[in-house]
Amino acid sequence: MMQQKCPSIPTVFAGADVFITGGTGFMGKVLIEKLLRSCPQIARVFVLMRAKRGKSLDERLSSITDDVLFDVLKSKSPDALEKIHPIEGDCTQLKLGMSAESVERMKEVQFVFHAAASVRFDDPLKDAIMINTRSTREVLDWAKTLHKLKAVVHISTTYCNPELNARGGKNLPAQDGLEGSDPYGGIV
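For the sequence shown, counting from 1, position 110 maps to 110 in the UniProt record's numbering; every step adds exactly one.
Shown next as structure tokens:
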């Protein structure tokens, strides 16, 4: 039996629209830079961002791309940064706090990366649930509406499954159909 050859990652992402939460954090910045540098034919990278501290979305985007992390990309493919499109929203809000116009603009998204999370382990439980749990549900609910969706990737913090061997994972079944249940125990 012949093995099928898997397409390269740049081939998979060629022409694709990507949506990223947590793009202003460490892992998100690394992901954005790596996608743009390694997948030159990627179409657009939408990054969910909150308006913060009186800064516009464009100012927040500049603070990301001004990072030394992007120096190689800027020197080799300066036009690649034009593929980044900030989307106003908030992972702690229902429907990610996105406007109808933003949702319409992103209807062709094929890949969703959810990297938004709080890594402060002393957050009040309600706050931790809102950003680390409910936001994941909101991302998945929105992703279900994307007709061209190929993959959703959840990037989680460490220590979430300490009993598992670091080298060998364990597939955990997804629970769908949470309608009518309260997975948050009345906290939110």
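Using N, Cα and C, we set each Cβ at its ideal position, and we do this for glycine too.
Distance, Cα to Cα, residue i vs residue j?
{"i": "K83", "j": "A128", "result": "31 Å"}
{"i": "K136", "j": "S118", "result": "Sequence check: residue 136 is Thr here, not Lys. Each residue's Cα considered, the two are about 12 Å apart."}
{"i": "M130", "j": "D123", "result": "11 Å"}
{"i": "A51", "j": "K5", "result": "44 Å"}
{"i": "A80", "j": "F121", "result": "35 Å"}
{"i": "G177", "j": "T133", "result": "Residue placement at G177 is poorly supported in this model, since its pLDDT is 49, which falls under 50; the coordinates still yield a value, given next. The alpha-carbon atoms of G177 and T133 are separated by roughly 16 Å."}
{"i": "L146", "j": "K55", "result": "30 Å"}
{"i": "D71", "j": "G23", "result": "17 Å"}
{"i": "L149", "j": "S99", "result": "20 Å"}
{"i": "Q93", "j": "Q3", "result": "45 Å"}
{"i": "K126", "j": "K95", "result": "18 Å"}
{"i": "G25", "j": "P78", "result": "22 Å"}
{"i": "R53", "j": "S75", "result": "30 Å"}
{"i": "S63", "j": "G97", "result": "22 Å"}
{"i": "L73", "j": "D141", "result": "33 Å"}
Compare the beta carbon distance of residue i and residue j with 7 Å and say whether it is the shorter of the two.
{"i": "I32", "j": "F13", "result": "no"}
{"i": "P86", "j": "V139", "result": "no"}
{"i": "C91", "j": "A115", "result": "no"}
{"i": "residue 193", "j": "L57", "result": "For residue 193 there is no data in the structure shown, the boundaries of the chain being 1 and 188."}
{"i": "A143", "j": "V153", "result": "no"}
{"i": "P7", "j": "C39", "result": "no"}
Rounded C-beta distance between residue i and residue j? I'm assuming under 8 Å.
{"i": "M49", "j": "I155", "result": "That belief does not hold up - the Cβ atoms of M49 and I155 are roughly 17 Å apart, past 8 Å."}
{"i": "L36", "j": "V45", "result": "7 Å"}
In the DSSP output, which residue or residues are listed as bridge partners for residue i?
{"i": "R44", "result": "D17"}
{"i": "P78", "result": "According to DSSP, P78 bridges with nothing at all."}
{"i": "E88", "result": "M49"}
{"i": "V72", "result": "BP columns for V72 are empty, so no partner."}
{"i": "K55", "result": "K52"}
{"i": "H154", "result": "H114"}
{"i": "V119", "result": "Bridge partners of V119: none, in fact."}
{"i": "V109", "result": "D17"}
Does any heavy atom of the ligand GTP sit closer than 6 Å to the C-beta of residue i?
{"i": "S8", "result": "Of ligands this structure carries none, so the ligand GTP is not represented either."}
At a Cβ threshold of 7 Å, is residue i touching chain C?
{"i": "K126", "result": "As a matter of chain content, chain C is missing from the structure shown, which is built from one protein chain."}
Practice problem: Determine, using beta-carbon pairs with one atom in the stretch 65-72 and one in the stretch 101-109, whether at least three such pairs fall under 8 Å. | Solution: no
Quiz item: Does the stretch 15-22 come within contact of the stretch 108-122, defined as at least 3 CB pairs closer than 8 Å?
Solution: yes
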